[in-house]
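Numbering (the working numbering), first residue to last: 13 to 308.
Spelled out as structure tokens, the structure:
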């Protein structure tokens, strides 16, 4: 586990402690979260669907930098245990273990309304986000194919017509030389055209080192960027163009096989499986008692 500290660029703020004493509990308000789970904007409390929704600020506070981190904060959401880049979501136990590049998942993923078809997107970078919505249970009526388990909606921050120039920047550092940087800028191009550019960079040396070759495991070198254009010729018509890019170079954490050899080197730890019993533990390897071969 690593600890990350964030610094965010923002306007100076002066807090008057004395003024805070005059605020009462009655002044506190619960922030309303607007979601589009039913293909229209509405309050989260009015949606008759089991939904876990997280705003961009909440995800930044919790250190969520890619889609696979969502399983840590979402009840009922898990991901496949396969190593490598591809993995699939499971919602309430419904999903699929098939993660090859053309495999269809039982949990649909959508980024700004565009269907994501590969299991790789379950590890996609999340930066400059407006919110993420996790819809639990079958969503075939509104979302169609491959949503038996549910759906995950990723909604990024959009350009604003006549919004001027605005943006944000953050920098986080942690153990294992981890550095997380994010920059986003939105601006007007013409009276009917606006743009938003966002980039993310993550570097981590990894928490594990091989004693045989010195290679690091669990390292991460990820660069991601997004360009969004909004053209709004009239109040009733608009066109949004998104361009995403991602490069990721990392090594998975090291996997140690259990039961390969006993402590004194005299043979395997695993007894022979009874006839007709199938061992589903993929990470357990057993050495034959006579030392004559290996098996799973």
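By construction, the Cβ of each residue, glycine as well, lies at the ideal position given by its N, Cα and C atoms.
Query                                                                                                          : Result
Buried versus exposed, by CB contacts within 10 Å (16 or more), residue 52                                     : exposed
Integer Cβ distance of residue 195 from residue 49, believed to fall under 8 Å                                 : Not quite, the Cβ-Cβ distance comes to about 30 Å (not below 8 Å), so this is no contact.
Residues near residue 90 by beta carbon distance below 7 Å, same chain, minus five either side                 : 83 and 102
Sheet register partners of residue 74 (DSSP bridge)                                                            : In DSSP, residue 74 forms no bridge with anything.
CB-CB length for residue 79 against residue 140, believed under 8 Å                                            : Incorrect: roughly 14 Å between the Cβ atoms, too far for contact.
Completely contained beta strand (DSSP E) runs for the segment 166-218, where each covers 3 or more residues   : 178-186, 190-200 and 205-216
Reduced DSSP secondary structure (H/G/I, E/B, other) of residue 149                                            : coil
Beta carbon of residue 319 nearer than 7 Å to that of residue 171                                              : Because the chain is modelled from 13 through 308, residue 319 falls outside the range shown and cannot be assessed.
Distance between residue 208 and residue 309 (C-alpha atoms, nearest Å)                                        : It is not possible to answer for residue 309, since the shown part of the chain is limited to 13 through 308.
For residue 117 and residue 162, the rounded distance between their alpha carbons                              : 10 Å
Residue 241 in three-state terms, based on DSSP                                                                : strand
Own chain, CB closer than 6 Å to residue 136, minus 5 neighbours either side, in chain order                   : 79
Any non-hydrogen atom of the ligand ATP within 6 Å of residue 120 CB                                           : Because no ligand of any kind appears in the structure shown, any question about the ligand ATP cannot be addressed here.
According to DSSP, residues forming a beta bridge with residue 157                                             : Answer by DSSP bridge pairing: none, since residue 157 is not bridged.
Short Cβ contact (7 Å threshold) for residue 237 with residue 257                                              : yes
Three-state secondary structure (DSSP) of residue 58                                                           : helix
Supposed contact pair residue 214 and residue 10 - C-beta distance, whole angstroms, cut 8 Å                   : Not covered by the structure: residue 10. The range shown for the chain is 13 to 308.
Straight-line gap, residue 75 to residue 120 (C-alpha atoms, nearest Å)                                        : 24 Å
Per-residue burial, residue 223 [other beta carbons within 10 Å of its own, 16 or more giving buried]          : exposed
Candidates 72, 129, 115 and 188, of which the one nearest residue 228 by Cα                                    : 188
Nearest residue (CA-CA) to residue 178, options 57, 197 and 130                                                : 197
Start-to-end residues for the beta strand (DSSP E) that takes in residue 102                                   : 101-103
Residue range of the beta strand (DSSP E) that includes residue 121                                            : 119-123
Which of helix, strand or coil DSSP assigns to residue 138                                                     : coil
Residue burial classification, residue 138 (beta-carbon count within 10 angstroms, cutoff 16)                  : buried
Closest Cα partner of residue 124 within the set 232, 253, 70 and 190                                          : 253
Alpha-carbon spacing of residue 143 relative to residue 65, whole angstroms                                    : 7 Å
C-beta contact flag for residue 231 and residue 190 at 7 Å                                                     : no
Classification of residue 259 by the beta-carbon crowding that lies within 10 angstroms, buried from 16 upward : exposed
Top-ranked residue by Cα proximity to residue 174, from 180, 104, 56 and 247                                   : 247
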